[in-house]
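Q: Chains as they are written, first to last, in the working numbering: chain A, 112 to 301; chain B, 112 to 301.
C-beta atoms are modelled at their ideal positions from N, C-alpha and C, and glycine is treated no differently.
Laid out in structure tokens, this is it:
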């Protein structure tokens with residue numbers, strides 16, 4: 112019997128990576144998911160863009176539409192995490208209130224991770240050229256430039272992704288999860 | 112260690128109960144869920160009306176809107192079942208093609224259960240008075256009366272719910288799941 116199947120009553124949780132476009136949400140989500148999967152956990156990454164395609168086609172980027180989209184992701188994350196899955200959400204979720212609503216609706220632990228990166232650095236990286244366009248006024252609802260982003264007041268974890276690389280970011284999250292008993296320490300792993 | 116936690120690599124699956132309003136979808140879903148939970152399985156019931164509220168507010172009952180709603184339920188059922196959950200869907204899902212699409216998108220076994228009950232019997236029971244209204248022409252998109260229902264061609268299970276009670280319906284489904292190795296026989300249970 113492998114260790115992953117021998118564990119008793121594995122508790123799920125949701126890690127919600129919030130932050131601006133380009134702050135590292137998807138990359139860190141995937142790296143975290145790989146690490147958790149290697150430890151034998153059931154993992155799902157709910158990536159903002161992909162989930163929007165499946166659950167929110169037709170919705171736009173107004174506040175009500177963004178809120179509805181975030182609520183739907185939260186609903187699915189809750190269904191997964193209350194069934195023992197490590198649900199990792201990578202979604203901007205710009206509004207504090209609806210993030211709080213999703214947190215309160217959660218039956219499993221909800222871990223808000225704020226990936227903080229200054230706009231200047233994001234505009235410098237600008238892998239998709241979106242910040243340049245937004246700063247030229249071409250993207251009317253671009254979070255952080257032409258649309259609001261409300262940083263979390265009390266996130267469980269805060270990471271300055273302009274100073275910390277992906278590997279260390281993942282380690283920070285994993286160590287937090289280990290301290291809370293949500294993930295077993297990876298004693299035997301390399 | 113309890114049996115439910117000692118099982119190795121528990122495989123999830125989706126049981127999709129399709130059929131007209133009043134055919135017994137929700138009742139059988141709940142009874143099946145109770146039984147599976149008593150056997151230590153992780154179970155989620157995705158009930159059409161509730162899921163619509165969470166995932167499809169704003170959508171109506173046109174064919175495209177119904178199809179979108181069914182696709183969303185299918186997406187969530189797939190996420191759950193591929194993570195070891197017994198996902199039980201109670202949703203009319205009137206169109207054959209989109210049911211087939213959801214089946215093909217599934218990574219875990221997909222078990223289509225057709226709850227068949229003649230319209231005459233549904234109109235006779237008519238717990239919510241909806242058939243009377245629909246038959247008077249007051250409900251323009253009422254499945255089976257003023258809107259299409261395409262019965263499954265090859266459902267895994269077919270139950271005539273005008274002839275078979277809830278308990279026996281659940282037993283029929285459970286025995287099917289046991290034969291396929293998706294559920295362990297409840298040897299020790301009363």
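Given a threshold of 16 other Cβ atoms within 10 Å of its Cβ, counted over all protein chains shown, does residue 128 (chain B) qualify as buried or as exposed?
A: Counting Cβ neighbours within 10 Å, residue 128 (chain B) comes out buried, since at least 16 surround it.
Q: Can you tell me which of the three DSSP states residue 131 (chain B) falls into?
A: Residue 131 (chain B) falls in the coil class under three-state DSSP.
Q: For residue 214 (chain A) and residue 141 (chain B), what's the separation of their Cα atoms in angstroms?
A: Spanning the two alpha carbons is a distance of roughly 27 Å.
Q: Which residues share a DSSP beta bridge with residue 271 (chain A)?
A: For residue 271 (chain A), which the question treats as bridged, DSSP gives the partners A:227.
Q: Can you tell me the Cβ-Cβ gap for residue 147 (chain A) and residue 154 (chain A), rounded? I've got them flagged as a contact below 8 Å.
A: Indeed they touch by this definition, with Cβ atoms about 5 Å apart.
Q: With DSSP run on the structure shown, which of helix, strand or coil describes residue 187 (chain A)?
A: In this structure, residue 187 (chain A) counts as helix in the three-state DSSP scheme.
Q: Using Cβ-Cβ distances below 9 Å, what residues of the stretch 165-197 of chain A are close to chain B?
A: Result list: 165, 166, 167, 168, 169, 170, 179, 182, 183, 186, 187, 190, 191, 193, 194, 195, 196.
Q: Note down, in chain order, all residues in the stretch 139-158 of chain A with a beta-carbon under 8 Å from any beta-carbon belonging to chain B.
A: Answer in chain order: 153, 155.
Q: Could you tell me how far apart the beta carbons of residue 183 (chain B) and residue 263 (chain B) are, in whole angstroms, since I believe they sit closer than 8 Å?
A: Residue 183 (chain B) to residue 263 (chain B), Cβ: 20 Å. No contact.
Q: Applying the 10 Å Cβ sphere with the 16-neighbour rule, what's the burial state of residue 201 (chain B)?
A: Residue 201 (chain B) is buried by the Cβ-count criterion.
Q: Quick one, are the C-beta atoms of residue 238 (chain B) and residue 122 (chain B) less than 8 Å apart?
A: No, the pair does not count as a contact, with Cβ atoms beyond the cut-off.
Q: Exposed or buried, what is residue 152 (chain B) when buried is set at 16 or more other beta-carbons lying within 10 Å of its beta-carbon?
A: So residue 152 (chain B) counts as buried.
Q: On the DSSP letters alone, give me the boundaries of the beta strand (DSSP E) that residue 199 (chain A) sits inside.
A: Per DSSP, residue 199 (chain A) belongs to the beta strand (DSSP E) from 197-201.
Q: Which residues bound the beta strand (DSSP E) around residue 157 (chain A)?
A: Segment 154-158, the beta strand (DSSP E) holding residue 157 (chain A).
Q: Return helix, strand or coil for residue 294 (chain A), following the three-state DSSP convention.
A: Three-state DSSP puts residue 294 (chain A) in coil, outside helix and strand.
Q: Please list, in chain order, all residues of the same chain as residue 259 (chain A) whose beta carbon is under 7 Å from its beta carbon, the five residues on each side excluded.
A: Within the same chain, residue 259 (chain A) has close Cβ partners 205.
Q: By Cβ distance below 8 Å, which residues in the same chain neighbour residue 165 (chain A) in space, the five residues on each side in sequence not counted?
A: Nothing listed; no residue qualifies.
Q: Where does the unbroken alpha helix (DSSP H) through residue 145 (chain A) begin, and where does it stop?
A: It spans 136-149 - the alpha helix (DSSP H) in which residue 145 (chain A) sits, taken as one unbroken run.
Q: What does residue 258 (chain A) pair with, by DSSP beta-bridge criteria?
A: A:254.
Q: DSSP has residue 162 (chain A) in a bridge; who is on the other side?
A: For residue 162 (chain A), which the question treats as bridged, DSSP gives no partner whatsoever.
Q: Between the stretch 264-271 of chain A and the stretch 222-233 of chain A, are three or more C-beta pairs nearer than 8 Å?
A: Segments in contact, yes.
Q: Between B:124, B:132, B:126, which lies nearest to residue 252 (chain B) when the distance is taken from Cα to Cα?
A: Closest by alpha carbon: B:132.
Q: For residue 227 (chain B) and residue 130 (chain B), which I take to be in contact (beta-carbon distance under 8 Å), what is that distance rounded to the nearest angstrom?
A: Contact holds; Cβ gap of about 6 Å.
Q: Kindly indicate the opening and closing residues of the alpha helix (DSSP H) around residue 123 (chain A).
A: Unbroken run through residue 123 (chain A): none, as it is neither H nor E.
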